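Below you'll find the structure, written out as structure tokens, and then a few comments.
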Amino acid sequence: MPLRRQLANSLLPLCGINDLGDDIIVKRTLSGCIGKGDLNHNNRSIITANVDKEKIADDIIICQRSLKQLYHDLFDEALEEFNARQTRRDRKIANYQEHIRHSRQEKEFYEVLFQVGNRDDTGVDSEMCKEAAAVLEEYARSFEERNPHLKLFNAVIHMDESTPHLHLDFVPVTDEKRKNGMRVRNSLTGALRQQGCESKGISRTITIDWLEQEKVHIGQLMLERGIEWVKLEEAKEGLPLKEFKLKKRQEELDAADKLIDMKLSELSAVEDKVKSAESTLEDTKKDISESEEKLSSVTEETEKADAKLSQKIEQVNKALTYLPDMEKNFDDEHEYLVAVSELDKLLKSGMSILRNKDSILSWIDTLKSLTKTAMERQRKADRTIFSLHKRGDEFIAERDEAREKLNAVRKENSGLSSELKTVKSENRRYSEVYSMLERIAPDILRQAKALVQEEKEQRQREQAQQIEYQPTKKKKSWGLE
1 MPLRRQLANS LLPLCGINDL GDDIIVKRTL SGCIGKGDLN HNNRSIITAN
51 VDKEKIADDI IICQRSLKQL YHDLFDEALE EFNARQTRRD RKIANYQEHI
101 RHSRQEKEFY EVLFQVGNRD DTGVDSEMCK EAAAVLEEYA RSFEERNPHL
151 KLFNAVIHMD ESTPHLHLDF VPVTDEKRKN GMRVRNSLTG ALRQQGCESK
201 GISRTITIDW LEQEKVHIGQ LMLERGIEWV KLEEAKEGLP LKEFKLKKRQ
251 EELDAADKLI DMKLSELSAV EDKVKSAEST LEDTKKDISE SEEKLSSVTE
301 ETEKADAKLS QKIEQVNKAL TYLPDMEKNF DDEHEYLVAV SELDKLLKSG
351 MSILRNKDSI LSWIDTLKSL TKTAMERQRK ADRTIFSLHK RGDEFIAERD
401 EAREKLNAVR KENSGLSSEL KTVKSENRRY SEVYSMLERI APDILRQAKA
451 LVQEEKEQRQ REQAQQIEYQ PTKKKKSWGL E
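Counting with the UniProt record's numbering, you get residues 1 to 481 for the letters of the sequence shown.
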């Protein structure tokens, strides 16, 4: 008998199993199901009460890719083709990932979970733990080879809970010509159909058919390691009624524990979102208050500028009424016409010119004086009008600038008001979820609050210890202690 087999058989009694011969070492169940897909839980961004923090480092990370980048790589080309065919703007899709996230038919991504054995015979502290993890890892690393239409972006084996289990998160991709819609798209049914799976009635949908195929493959990997896949129904055969009921009850308790863990994780996430929304709400209120103060200030400046402009326009109008106007100066005009008329009379003949020489010279001097006076008045009027126009343009520019500032602040205030409505809506939604949890699961809520308070107090104790440690550290570095 091979040394590996001898060693395994020597460990069987510790697992409550007799020697099963050379062909099969141990028997274990195999579980598989479609999961919810909580990446925060899978990647330990949120740590729930059922997780052993000291064993998080033992988790086996198979794959961690950006879901956003995966969507770009898979669907951007098909999305561009789809939008190019659309004649109506409202039918175009700006962001395919967001489009799927709000879809009622498909999910942004899907998750499947697999587990070899249970916590009684394959717990994380058992001898079979590493064998089970090795089977799951081998399966995960060859997942896309068997499933070319299921694009894996996150895969991890949890070794820090009661039993080793595998989370696989993937995006299903189907590529088929369609009269309407995108050629390459997210569709679990379409992807599985292109891989050869089919629905066989209500009791065996196309998803169940695929899961059973995957479990058969995992069963083969188990067999290669000397582990026989025994189905749950077969495992229960021959059990005494009392033992069967106890086992059934234990399974129900396990399911309840997982549900509680999931709800605790969801509750923690909701509380974080509520706190974040409240913080955002306060910040937005503060921004709106500052914006309203700024708006009030700019409005006041604009009103002052308008009043100042009106005052200056009035002053200009008053000044213009006093400007010398050559066409309205009837006295000078009359005197000028008289002088021209008299000169015309005196210049009719040579004899008249000789006889009235002095009078002619006098009238010529009068005309020169009148012309000089008229030119000076014209120059003064031109300078005054130009100066007033320039000052008026400056005041109008100041007024327009103030109005632009006012419009900008009003626009900013409108945006902040819209943001405030959004934040209030999110806060109200989180509050409704929180209230619902208070009604349907008050015990779990109290436990979650206690856990949050305990973590908060722990952080405060750690901060206090750091503060106490710093002066001692400085003394040592200065050679005072």
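Note that beta-carbon positions come from the ideal geometry of N, C-alpha and C, so glycine has one too.
It should be emphasised that the depicted structure is a prediction, and the values quoted were computed from it without experimental measurement.
Proximity winner among the options, relative to residue i (alpha-carbon distances)
i      : options                           : result
His149 : Lys304, Gly190 and Ala408         : Gly190
Ile157 : Ser431, Ser126, Cys197 and Gln115 : Gln115
Arg429 : Glu224, Ala140, Glu271 and Lys215 : Glu271
Val216 : Val230, Asp59 and Ile206          : Val230
Glu137 : Leu221, Arg91 and Asn83           : Leu221
Ile60  : Arg141, Ala84, Val26 and Glu111   : Arg141
Asp52  : Glu106, Phe75, Leu343 and Asp125  : Asp125
Glu404 : Thr299, Gln460 and Tyr336         : Thr299
Phe75  : Val184, Ala133, Tyr110 and Glu176 : Val184
Glu412 : Phe395, Thr284 and Lys424         : Thr284
Asn180 : Ile260, Lys421, Glu81 and His334  : Glu81
Glu127 : Val26, Ser359, Asp365 and Asn356  : Val26
Glu303 : Ile56, Lys368, Glu419 and Glu398  : Glu398
Gln311 : Ile396, Tyr336, Ile444 and His41  : Ile396
Glu335 : Thr371, Asp358 and Ser387         : Thr371
Leu79  : Cys197, Lys421, Ala94 and Cys129  : Ala94
Ala374 : Asp331, Asn407, Ser362 and Glu394 : Asp331
Arg44  : Thr280, Glu394, Thr87 and Asn154  : Asn154
Gln213 : Leu223, Cys197, Gly201 and Glu228 : Cys197
Thr280 : Thr422, Lys357, Lys380 and Gln97  : Thr422
Gln69  : Tyr96, Thr207, Gln458 and Ala402  : Tyr96
Simplified DSSP assignment, three categories, for residue i
i           : result
Glu214      : helix
His174      : Note that residue 174 is Thr in the sequence shown here, rather than His. Reduced to three states, the DSSP call for Thr174 is strand.
Lys151      : strand
Asp22       : With a pLDDT of only 44 at Asp22, under 50, the local geometry of the prediction cannot be trusted, and the value read off the model is given with reservation. Here Asp22 sits in coil by DSSP.
Asn186      : strand
Ser45       : coil
Cys33       : strand
Leu323      : Residue placement at Leu323 cannot be trusted, given a pLDDT of 49 that sits under 50; what the coordinates show is reported in the next sentence. In the structure shown, Leu323 sits in coil (DSSP, three-state: anything other than H, G, I, E or B).
Glu106      : coil
Glu462      : helix
Gly392      : helix
Leu367      : helix
Leu11       : Only weak support is given to the placement of Leu11: the predicted model assigns it a pLDDT of 41, under 50, and the question is left unresolved by the model.
residue 486 : The structure shown does not extend to residue 486, since the chain is modelled only from 1 through 481, so no value can be given for it.
Arg89       : helix
Leu281      : helix
Asp209      : helix
Glu237      : Residue placement at Glu237 is flagged as unreliable, the pLDDT there being 44, under the threshold of 50; the coordinate-derived value follows with that caveat. Coil at Glu237, not helix or strand.
Leu347      : coil
Ile119      : Here residue 119 is Arg; the residue named in the question, Ile, does not match the sequence. Residue state, collapsed to three classes: coil.
Ser162      : coil
Lys304      : helix
Val124      : coil
Val409      : helix
Asp73       : helix
Asp254      : helix
Val51       : coil
Ser387      : helix
Asn441      : With the sequence shown as reference, residue 441 is identified as Ala, and Asn is not the correct amino acid for it. Three-state result, Ala441: coil.
Gly219      : helix
Cys197      : coil
Assumed close pair residue i, residue j - CB separation to whole angstroms, cut-off 8 Å
i      : j      : result
Arg119 : Ser162 : 4 Å
Ala448 : Leu267 : 5 Å
His167 : Gly32  : About 12 Å separates the two Cβ atoms, so there is no contact after all.
Leu192 : Ala49  : Wrong, their Cβ atoms sit about 36 Å apart, outside the cutoff.
Asp169 : Leu39  : 7 Å
His165 : Leu113 : 6 Å
Arg204 : Thr122 : That belief does not hold up - the Cβ atoms of Arg204 and Thr122 are roughly 27 Å apart, past 8 Å.
Val274 : Tyr110 : Incorrect: roughly 28 Å between the Cβ atoms, too far for contact.
Ala277 : Asn427 : 4 Å
Ala402 : Glu293 : The pair is not a contact, with the Cβ atoms about 17 Å apart (cut-off 8 Å).
Terminal residues of the beta strand (DSSP E) in which residue i lies
i      : result
Lys27  : Val26 to Arg28
Gln115 : Tyr110 to Val116
Glu228 : Ile227 to Trp229
For residue i, the residue or residues it bridges with in DSSP
i      : result
Val156 : Ile61 and His167
N- and C-terminal bounds of the alpha helix (DSSP H) containing residue i
i      : result
Cys129 : Cys129 to Arg141
Asn356 : Looking at the DSSP string, Asn356 is not in any alpha helix (DSSP H), and its letter there is neither H nor E.
Arg101 : Tyr96 to Arg101
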